[in-house]
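Numbering (this note's numbering), first residue to last: 7 to 82.
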């Protein structure tokens, strides 16, 4: 009985770890594709966020917040 519980526990752990890793890889690929669409002359802000220790996802969320908050202030 103890071995069955041990095997089931390992299977559940492997499933959870696999799901977390897949989600992490998907988020990383999404972040890289979004950052690739940003024009080169605006990537200095992204580099500054990286130097402060922000991850790609945090940088994208920060850019979205800035975009919403500054809507109407800066016209291209």
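By construction, the Cβ of each residue, glycine as well, lies at the ideal position given by its N, Cα and C atoms.
Asked: Please list, in chain order, all residues of the same chain as residue 33 whose beta carbon is under 7 Å from its beta carbon, the five residues on each side excluded.; Found: 63
Asked: Give a yes or no on contact between the segment 53 to 71 and the segment 25 to 32, applying the rule of three or more CB pairs nearer than 8 Å.; Found: no
Asked: Below 8 Å on the Cβ atoms is my guess for residue 37 versus residue 66; work out the distance and round it to an integer in Å.; Found: 6 Å
Asked: Is the CB-CB distance between residue 117 and residue 68 below 8 Å?; Found: The structure shown does not extend to residue 117, since the chain is modelled only from 7 to 82, so the question has no answer here.
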